[in-house]
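Chains as they are written, first to last, in the working numbering: chain A, 300 to 812; chain B, 291 to 382. For every residue, glycine included, the Cβ atom is placed at its ideal position computed from N, Cα and C. Just below is one structure, and these are the notes that go with it.
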């Protein structure tokens, strides 16, 4: 039976220091026993641990900031990093007498996203108020969609590599419970020394799509892969730029563990996860923490925890004030949002006031999965190569550009792209856009190699020189470093003869470089 | 049909208002009784109404243009406390 990513069952390793190969969670910060995903490849044979296996259950709530010029319900600008409170309208500040006015672009973004995630788009959806008190929520409530969200019942397929070497990929699916439109809150800066909180409302009211993923995942790697795929989809659609570092994509994980055949355990919510890498770490840590706690006879509290990236662990969040009562009520200032399709378009329509789901569906761009398949079909590369290409921003385009400019077969080009270009970029933390070696230069180099004017070893040398970005062409470097392959038959014979005759001096004179 | 202490605690916590004197509690009881009259109507099989305007109230969709903002000074004018251009709130 082939291993399929996370086997879904975790066992305790009773021996000290036993850590599974591959992207397992690593040893617990407390030092001793490690938890290993059983399908990882050989760390804990079945039955040896002597403890009933645990099934982790991971669900995700993802908030994606909508890429739009203005906010969800007001005309103030959406922009990262601006002077405090400069992108705030009277409505955003919740001044009395102001009303929400829905931004069309935000609705279109949510419909696109719902369609890309195979959801049913609700032709009638509603807005509600979710009440809680916090300094960055001036109205005392957030406008969201709790009763009837804009999209429901979708799915997201993502790929995982079974081993670290990316040689075998497996496809998994996670169900999308719903997508809802809601407002973002402002930002609080806590000043503990002066015992005060500084509030900037620039972000207050920015449109968000909350994507709720059902608890179909079972470990950090799956969660990370699902979020990564969602990120790529959002970026392809343009509905969100989904840059986690700028807070445009925020992920909260809901985690619990239970024994097979028993009901789901108590779940905890983990927040404050700032990157996809940390997401995997946070989820795995929390699963491990819960297992250890339960095996030591403890209980899991239904609480919210924050991920501390420095310590690599989750900690209870400080303002733990009991279960919140959000007192949901319909938003009285907004009637239901009605969407149309080709069949239900009203007769005398005002185009600006009508959103046609079918029209949007027809104009959806190729999703990442389709793009990857096309690369495989068109260029004969392996699925894992295609996956690696689309996983790095701009790399697929770079690859295609090189292929166009060289006679070398795509199957050979891909090696140069993934093994040399990509690893160099990673080593120096550069994006494809920042690459000192352009597709033109690389194609030039590969042509020399293809025409057998230089050897493969020489080509690597030239590439190393090209990285310096000194503006030289491959041909110039070859000439400079005398890396040309000898083509002249007679010259080659003379050299070989000299070697055979043991006349070292002549060999030194005749061999170039 | 008295309102329990737990409910009173919860309400005071949510509203951040103390109304625990007997007059306050009596008023609360009366308000709840008044609202409970709604239960006398049988609404089985009736779709909840969103608005008395029903289908005539169309949700207006605004174009995605930047038309507001840049009024920091006006916004901060009413703030009791500010630090540079930030509003100041109590900690936590």
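Proximal chain A residues relative to residue i, where beta-carbon distance stays under 9 Å
{"i": "residue 263(B)", "result": "What the structure shows of chain B is the stretch from 291 to 382, and residue 263(B) is not part of that stretch, so it cannot be assessed."}
Cutoff 6 Å; reference residue i; Cβ partners in own chain excluding five residues on either side
{"i": "residue 322(A)", "result": "Only weak support is given to the placement of residue 322(A): the predicted model assigns it a pLDDT of 41, under 50, and the question is left unresolved by the model."}
{"i": "residue 450(A)", "result": "413, 418, 420, 478"}
{"i": "residue 445(A)", "result": "427, 627"}
{"i": "residue 764(A)", "result": "776"}
{"i": "residue 389(A)", "result": "397"}
{"i": "residue 460(A)", "result": "468"}
{"i": "residue 716(A)", "result": "698"}
{"i": "residue 422(A)", "result": "638"}
Bridge partners - residue i, DSSP secondary structure assignment
{"i": "residue 615(A)", "result": "604(A)"}
{"i": "residue 383(A)", "result": "BP columns for residue 383(A) are empty, so no partner."}
{"i": "residue 629(A)", "result": "427(A)"}
{"i": "residue 490(A)", "result": "495(A)"}
{"i": "residue 550(A)", "result": "361(A), 572(A)"}
{"i": "residue 375(A)", "result": "358(B)"}
{"i": "residue 372(B)", "result": "377(B)"}
{"i": "residue 453(A)", "result": "475(A)"}
{"i": "residue 356(A)", "result": "555(A)"}
{"i": "residue 352(B)", "result": "402(A)"}
{"i": "residue 482(A)", "result": "506(A)"}
{"i": "residue 511(A)", "result": "360(A), 477(A)"}
{"i": "residue 468(A)", "result": "460(A)"}
{"i": "residue 655(A)", "result": "639(A)"}
Exposure of residue i, with buried meaning 16 or more beta-carbon neighbours within 10 Å
{"i": "residue 552(A)", "result": "buried"}
{"i": "residue 656(A)", "result": "buried"}
{"i": "residue 665(A)", "result": "exposed"}
{"i": "residue 501(A)", "result": "buried"}
{"i": "residue 588(A)", "result": "buried"}
{"i": "residue 703(A)", "result": "exposed"}
{"i": "residue 714(A)", "result": "exposed"}
{"i": "residue 339(B)", "result": "exposed"}
{"i": "residue 357(B)", "result": "exposed"}
{"i": "residue 457(A)", "result": "buried"}
{"i": "residue 324(B)", "result": "exposed"}
{"i": "residue 791(A)", "result": "exposed"}
{"i": "residue 547(A)", "result": "buried"}
{"i": "residue 303(B)", "result": "exposed"}
{"i": "residue 504(A)", "result": "buried"}
{"i": "residue 523(A)", "result": "buried"}
{"i": "residue 300(B)", "result": "exposed"}
{"i": "residue 370(A)", "result": "buried"}
{"i": "residue 316(B)", "result": "exposed"}
{"i": "residue 541(A)", "result": "buried"}
{"i": "residue 483(A)", "result": "buried"}
{"i": "residue 563(A)", "result": "exposed"}
Residues that residue i contacts on chain B, provided the C-beta gap is smaller than 7 Å
{"i": "residue 367(A)", "result": "354"}
{"i": "residue 489(A)", "result": "381"}
{"i": "residue 402(A)", "result": "352, 354"}
{"i": "residue 645(A)", "result": "Simply none; closest approach about 10 Å."}
Contacts of residue i in chain B (Cβ-Cβ under 8 Å)
{"i": "residue 383(A)", "result": "362, 374, 375, 376"}
{"i": "residue 374(A)", "result": "352, 355, 356, 357, 358, 359"}
{"i": "residue 652(A)", "result": "348, 350, 351"}
{"i": "residue 773(A)", "result": "Within chain B, no residue comes near residue 773(A); the closest Cβ sits about 47 Å away, beyond 8 Å."}
{"i": "residue 629(A)", "result": "340"}
{"i": "residue 406(A)", "result": "351"}
{"i": "residue 434(A)", "result": "377, 379, 380"}
Beta-carbon neighbours of residue i, restricted to chain A and to distances below 7 Å
{"i": "residue 341(B)", "result": "634"}
{"i": "residue 365(B)", "result": "384, 387, 392"}
Residues of its chain near residue i, where Cβ-Cβ distance is below 8 Å and the 5 sequence neighbours each way are ignored
{"i": "residue 438(A)", "result": "393"}
{"i": "residue 266(A)", "result": "Look at the range of chain A in this structure, 300 to 812, and you will see that residue 266(A) is not part of it."}
{"i": "residue 673(A)", "result": "665"}
{"i": "residue 772(A)", "result": "740, 743"}
Residues near residue i in its chain [Cβ-Cβ closer than 7 Å; skip 5 each side]
{"i": "residue 692(A)", "result": "730, 731"}
{"i": "residue 592(A)", "result": "599"}
Chain-ordered neighbours of residue i on chain B, where CB pairs are closer than 9 Å
{"i": "residue 494(A)", "result": "380, 381"}
{"i": "residue 782(A)", "result": "Ordered by position in chain B, no residue passes the 9 Å Cβ test against residue 782(A), which lies about 56 Å from the chain."}
{"i": "residue 499(A)", "result": "375, 376, 377"}
{"i": "residue 425(A)", "result": "340"}
Within chain A, the residues that residue i reaches when beta carbons sit closer than 8 Å
{"i": "residue 300(B)", "result": "624"}
Given 8 Å, three or more beta-carbon pairs between the segment 367-374 of chain A and the segment 576-595 of chain A: no
Does the pairing of the segment 563-582 of chain A with the segment 394-412 of chain A give three or more beta-carbon distances under 8 Å? Here the segment 563-582 of chain A does not lie against the segment 394-412 of chain A, with fewer than 3 beta-carbon pairs under 8 Å apart.
Segment contact, 8 Å Cβ cut-off, at least three pairs: the segment 493-500 of chain A with the segment 382-392 of chain A: yes
Contact between the segment 350-370 of chain A and the segment 595-602 of chain A: three or more CB pairs below 8 Å? no
When the Cβ atoms of the segment 633-645 of chain A are set against those of the segment 342-357 of chain B, are three or more pairs found closer than 8 Å? Contact between the segment 633-645 of chain A and the segment 342-357 of chain B is present: 3 or more CB-CB pairs across the two stretches fall below 8 Å.
Evaluate contact between the segment 720-739 of chain A and the segment 685-700 of chain A, counting only Cβ atoms and requiring at least three cross-stretch pairs below 8 Å. yes
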